[in-house]
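Numbered by numbering that gives the first Met the number 0, the letters in the sequence shown go through residues 0 to 207 in order. Ideal Cβ placement from N, Cα and C applies to all residues, glycine included. First up is the structure itself, then whatever we jot down about it.
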Amino acid sequence: MYKLKGCIAWWWQQIIQPVTALATYARLYTLIRNKENPVKMFAKLIVVVAFVVYANGYSIGAPESACIDMIPRHPVSAKDPPAPYTITTSTDVVKAGTPMKVTISGKTPSDTIKGILLQAREVSDNVNILGKFIVPADHPMAQTMNCGQPDNAVTHKKHEPELDQRTITFTWMAPSDFTGAIKFRATIAYDGAVFWVGEESPVVKVIN
């Protein structure tokens with residue numbers, strides 16, 4: 000079923016969004032050319048711009064408003080678990096101030112990843128976001144983001160569909176001033192209409 004929704008989402012992203020954007024820009028040109036009343040033109044301009052922004056918005060990454068609940072502001076609800084993805088780590092014990100790897104993988108070749116929001120959270124409260132991620136600037140589909148601190152989360156960036164990946168690995172640096180248990184927590188999107196919220200890795204202990 001989610002493959003069908005994925006097909007619909009592809010049509011939305013690849014066909015409907017571009018056509019809608021062209022139509023709204025054409026409408027804007029018509030407003031300016033016809034020299035409508037400035038107040039009316041401004042009001043219509045706001046509607047046009049808002050629609051274009053909504054249509055193209057979250058392909059550039061998760062919004063900051065999703066940092067706490069990790070729910071993307073898509074016009075559809077998250078899918079029920081289990082997700083067709085796993086989150087694994089290179090170790091279950093890491094020293095404070097040292098790096099480790101975290102990997103998100105689709106369970107089958109068709110379970111690719113278009114969008115993500117990934118964080119490390121303290122197990123005791125499941126709210127405190129810890130450490131920082133190291134993502135190269137030229138990464139084909141991901142970038143760091145600020146969820147209260149620079150680089151303490153990873154999200155997707157705008158990319159072509161052929162750059163969706165089944166497996167994606169990131170380097171996480173454990174904080175130097177923390178010891179305790181953490182879990183990696185992620186929202187994983189197959190596409191804009193099919194996504195899972197709050198998927199978790201096994202526990203990792205941060206020690207001195």
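- Leucine 129 carries a coil assignment under DSSP once its states are collapsed to helix, strand and coil.
- Between the alpha carbons of glycine 191 and alanine 180 lies a distance of about 32 Å.
- The three-state secondary structure of isoleucine 167, taken from DSSP, is strand.
- C-alpha of proline 80 to C-alpha of valine 196: approximately 9 Å in a straight line.
- The DSSP assignment places complete beta strand (DSSP E) segments of no fewer than 3 residues inside the region 103-165 at 114-121, 131-133, 141-144, 152-155, in order along the chain.
- Contact annotation, isoleucine 206 with threonine 178: C-beta distance approximately 6 Å; criterion of less than 8 Å satisfied.
- Around the beta carbon of alanine 119, 16 or more other beta carbons lie within 10 angstroms, which makes this residue buried.
- Apart from the 5 residues on each side of it in sequence, serine 89 sits with its Cβ closer than 6 Å to the Cβ of Met99, Lys100 in its chain, given in chain order.
- DSSP lists Val92, Ala180 as the bridge partner or partners of lysine 204.
- Beta-bridge partners of aspartate 190 (DSSP): Val193.
- In the structure shown, alanine 185 adopts extended strand secondary structure according to DSSP, grouped into three states.
- Here the region 102-122 lies against the region 157-173, with 3 or more beta-carbon pairs under 8 Å apart.
- Here serine 200 is not near alanine 95, since their CB atoms are 7 Å or more apart.
- The Cβ-Cβ distance between aspartate 150 and threonine 143 falls below 7 Å.
- When DSSP reads this structure, methionine 172 sits in a beta bridge with Pro98, Lys131.
- Excluding sequence positions up to five before and after cysteine 146, its CB lies within less than 6 Å of the CB of Cys66, Ile128, Ala152, all in the same chain and listed in chain order.
- Here threonine 97 is exposed. Its C-beta has fewer than 16 other C-beta atoms within 10 Å.
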